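K.L.:
As numbered in numbering that gives the first Met the number 0, the sequence shown has no gaps in its residue numbers, which increase by one up to the final residue, 304.
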Amino acid sequence: MLSEVSGPAIRVEGAVKRYGDLTALAGVGLEIHQGEFFGLLGPNGAGKTTLISSLAGLNRLTQGRISVLGSDVVDDYREARRKLGIVPQELVFDPFFTVREMLRIQSGYFGLRRNDDWIDELLASLDLTTKADANMRALSGGMKRRVLVAQALVHRPPVIVLDEPTAGVDVELRQGLWHFIRKLNADGHTIVLTTHYLEEAETLCNRIAMLKAGRIIALDTTANILARVSTRTLRVQVSAGGTLPQELATRLMRQDGNLMTFGFDNYEQIEPMLRSLREAGYVLADIEVAKPDLEQAFVDMLRRG
Ligand code: ATP
0 MLSEVSGPAI RVEGAVKRYG DLTALAGVGL EIHQGEFFGL LGPNGAGKTT
50 LISSLAGLNR LTQGRISVLG SDVVDDYREA RRKLGIVPQE LVFDPFFTVR
100 EMLRIQSGYF GLRRNDDWID ELLASLDLTT KADANMRALS GGMKRRVLVA
150 QALVHRPPVI VLDEPTAGVD VELRQGLWHF IRKLNADGHT IVLTTHYLEE
200 AETLCNRIAM LKAGRIIALD TTANILARVS TRTLRVQVSA GGTLPQELAT
250 RLMRQDGNLM TFGFDNYEQI EPMLRSLREA GYVLADIEVA KPDLEQAFVD
300 MLRRG
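#1: Can you find a heavy atom of ligand 1 that lies under 7 Å from the Cβ of Thr61?
#2: Which residue from Glu201, Leu152, Tyr196 puts its Cα closest to that of Phe179?
#3: Got a sec: is the Cβ-Cβ distance from Arg64 to anything in chain C below 8 Å?
#4: Determine the direct distance from the alpha carbon of Ala279 to that of Pro244, and round the result to whole angstroms.
#5: Out of Val67, Thr48, Ile269, point me to the one whose CA is closest to His188's CA.
#6: Is the beta carbon of Thr165 within less than 7 Å of some heavy atom of ligand 1?
#7: Just the C-alpha distance for Lys130 and Ser106, rounded to the nearest angstrom, thanks.
#8: Around ligand 1, what residues have a beta-carbon under 6 Å from a heavy atom of it, in chain order?
#9: How many whole angstroms separate the CB atoms of His24 and Thr49, which I take to be in contact at a CB cut-off of 8 Å?
#10: Under the rule that 16 or more other beta-carbon atoms within 10 Å means buried, what is His32, buried or exposed?
#11: Taking Glu12 as part of the beta strand (DSSP E), name the residues at either end of that continuous run.
#12: To which residues of the same chain is Ile215 closer than 8 Å at the C-beta, ignoring the five residues directly before and after it?
#13: Is the separation between the beta-carbon of Gln62 and that of Val11 shorter than 8 Å?
#14: Whole angstroms is fine: what's the gap from Leu318's alpha carbon to Asp264's?
#15: Alpha carbon to alpha carbon, what distance is there between Tyr76 and Ser70?
#16: Run the CB neighbour count on Ser238, radius 10 Å, all protein chains shown included, and call it buried at 16 or more, exposed below.
#17: Hey, is the segment 32 to 44 in contact with the segment 190 to 204, meaning 3+ C-beta pairs nearer than 8 Å?
#18: Rounded to whole angstroms, what's the CA-CA distance from Leu83 to Ala166? Just pull it up for me.
#19: Go ahead and pull the three-state DSSP assignment for Glu171.
#20: Three or more C-beta pairs closer than 8 Å, one from the segment 161 to 175 and one from the segment 103 to 118: is that the case here?
#21: Please determine if the segment 266 to 276 and the segment 294 to 303 are in contact, where contact requires at least 3 C-beta pairs separated by less than 8 Å.
#22: Under a Cβ-count criterion, where at least 16 other Cβ atoms within 10 Å of its own Cβ denotes burial, should Gly19 be classed as buried or exposed?
#23: Under 7 Å Cβ to Cβ from Lys290, same chain only, skipping five residues before and after it: list those, please.
#24: If you follow the alpha helix (DSSP H) that Leu273 is part of, which residue opens it and which one closes it?
#25: To the nearest angstrom, how far is it from the Cα of Ala248 to the Cα of Met259?
#26: As an exercise, report each continuous beta strand (DSSP E) stretch of at least 3 residues that is fully enclosed by the segment 100 to 171, in chain order.
#27: Would Phe201 and Thr221 be called neighbours here (beta carbons separated by less than 8 Å)?
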């Protein structure tokens, strides 16, 4: 374990944040354990970024408190900040610095003067070695995002928070990035991730909190959340239409053009469903059966929550 402190990596107690009349966080309580790979999920406007900004000390809660490895983010700001590496959602840089200069400046904020060995290691891990002396403005969006990750890690924080780190990043880079973050987690770092890619959360996170309108509507292990969704889905691509018979209409969960998604509970129901579709005049072009996934769990919970 990287930290000598016992207790949770992050503790959020009764967090309320209001912007005028709008309540962005409506009383969030949460403990993230040391060494976890934790997912913070929720639709747009749920309050994820607000929570992360409060954690980073970038805004103040209206009520409640947050601590990082025992350090309060307001009363003990410097200590809490030192324990935390934040990869922000937005790419904001001074375009005139080189990558290495940026990382040295960031090291300086944490009072680290001779940090080049670690900077070199970070650059190598993130496949940025050849870009060390390039100006920030000359980098592609994906490379800039990798620099953001390096920047968050210059002071070797035990707790790392990534706010939508793979938005707009191509598949290869995304996988490279996850490989690296997974290794950090295996080395004992606590990882907190917000993402819109539920598949990503499903494969990476061992525990998940779902936020909706500033409240936690689910907080459990990824496995338990998935176990709660019993519905399996049958996706059918049709090339010629018919009229959906009643017994299938009640099972229809989604329709995007010619792609229909039906819900079912056991596999014996598939054959009769396909038969009724054919009898109703549909020509089936493609069929896919899917197990419950986090996306489904998410839709269900948002509906209920
Ligand atoms: P997204 O997935 O879109 O990033 P989010 O879950 O991160 O969403 P927040 O950005 O935390 O959501 O926003 C929560 C709510 O607070 C939203 O209704 C948003 O409009 C509002 N909000 C956020 N920041 C401010 C601000 N500085 N002033 C006023 N309202 C704000």
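Glycine included, each C-beta is placed from N, C-alpha and C at the ideal position.
All values reported here derive from a predicted model rather than from experimental measurement.
P.N.:
To lay it out plainly:
#1: Translated into the one-based positions of the sequence shown, residue 61 becomes position 62. Thr61 Cβ: outside cutoff for every heavy atom of ligand 1.
#2: In the sequence shown, counting from the first residue as 1, residue 179 sits at position 180. Minimum Cα-Cα distance from Phe179 among the listed residues Glu201, Leu152, Tyr196 corresponds to Leu152.
#3: The chain labelled as chain C is not found in the depicted structure, where only one protein chain is given.
#4: One-based indexing of the sequence shown puts residue 244 at position 245. One-based indexing of the sequence shown puts residue 279 at position 280. Rounded to whole angstroms, the gap between the alpha carbons of Pro244 and Ala279 is 7 Å.
#5: As a first step, residue 188 must be located in the sequence shown, where it is residue number 189. Ranking the options by Cα distance to His188, first place goes to Val67.
#6: Position 166 of the sequence shown holds residue 165. No.
#7: Mapped onto the sequence shown, residue 130 falls at position 131. Mapped onto the sequence shown, residue 106 falls at position 107. Those two C-alpha atoms are separated by around 18 Å.
#8: Answer in sequence order: Tyr18, Leu21, Ala23, Gly41, Asn43, Gly44, Ala45, Gly46, Lys47, Thr48, Thr49.
#9: Stepping through the sequence shown from its first residue, residue 24 is reached at position 25. Stepping through the sequence shown from its first residue, residue 49 is reached at position 50. Checking the sequence shown, residue 24 turns out to be Leu, not His. About 6 Å; that satisfies the 8 Å criterion.
#10: Looking up residue 32 in the sequence shown gives position 33. Residue burial annotation: His32 is exposed, with fewer than 16 other C-beta atoms found within 10 angstroms of its C-beta.
#11: Here residue 12 corresponds to residue number 13 of the sequence shown, with the count starting at 1. It spans 9 to 18 - the beta strand (DSSP E) in which Glu12 sits, taken as one unbroken run.
#12: As a first step, residue 215 must be located in the sequence shown, where it is residue number 216. The residues are Val27, Gly28, Leu29, Ala208, Met209.
#13: The residue labelled residue 62 in the question sits at position 63 within the sequence shown. The residue labelled residue 11 in the question sits at position 12 within the sequence shown. Not in contact: Gln62 and Val11 (Cβ atoms no closer than 8 Å).
#14: Nothing in the structure corresponds to residue 318, since the chain is present only between 0 and 304.
#15: Within the sequence shown, numbered from 1, the residue matching residue 70 stands at position 71. Within the sequence shown, numbered from 1, the residue matching residue 76 stands at position 77. Pairing Ser70 with Tyr76, the inter-Cα distance amounts to about 8 Å.
#16: Sequence index remark: in the sequence shown, residue 238 carries index 239 (1-based). Label assigned to Ser238: exposed.
#17: Output reads yes: the segment 190 to 204 touches the segment 32 to 44.
#18: By one-based count along the sequence shown, residue 83 stands at place 84. By one-based count along the sequence shown, residue 166 stands at place 167. Their backbone Cα atoms lie some 21 Å apart in a straight line.
#19: Counting from 1 along the sequence shown, the entry for residue 171 is found at position 172. The DSSP-derived three-state label of Glu171 is helix.
#20: The answer is no - the segment 103 to 118 does not touch the segment 161 to 175, with fewer than three Cβ pairs under 8 Å.
#21: Per the Cβ contact rule, the segment 266 to 276 is not in contact with the segment 294 to 303 (fewer than 3 Cβ pairs under 8 Å).
#22: To locate residue 19, count along the sequence shown from 1; it is residue 20. Classification of Gly19: exposed, given that the 10 Å Cβ count is below 16.
#23: Here residue 290 is taken as the residue at index 291 of the sequence shown, counted from 1. Non-local beta-carbon contacts of Lys290 in its own chain, meaning distances under 7 Å to residues more than five positions away in sequence, involve Arg231 in chain order.
#24: As a first step, residue 273 must be located in the sequence shown, where it is residue number 274. Under the DSSP assignment, Leu273 falls in the alpha helix (DSSP H) whose first and last residues are 269 to 278.
#25: Position 249 of the sequence shown, counted from the start, is the residue given in the question as residue 248. Position 260 of the sequence shown, counted from the start, is the residue given in the question as residue 259. Those two C-alpha atoms are separated by around 10 Å.
#26: Complete beta strand (DSSP E) runs here, min 3: 158 to 162.
#27: Within the sequence shown, the letter at position 202 stands for residue 201. Within the sequence shown, the letter at position 222 stands for residue 221. Checking the sequence, you will find Glu at residue 201 rather than Phe. Yes, the Cβ-Cβ distance between Glu201 and Thr221 is below 8 Å.
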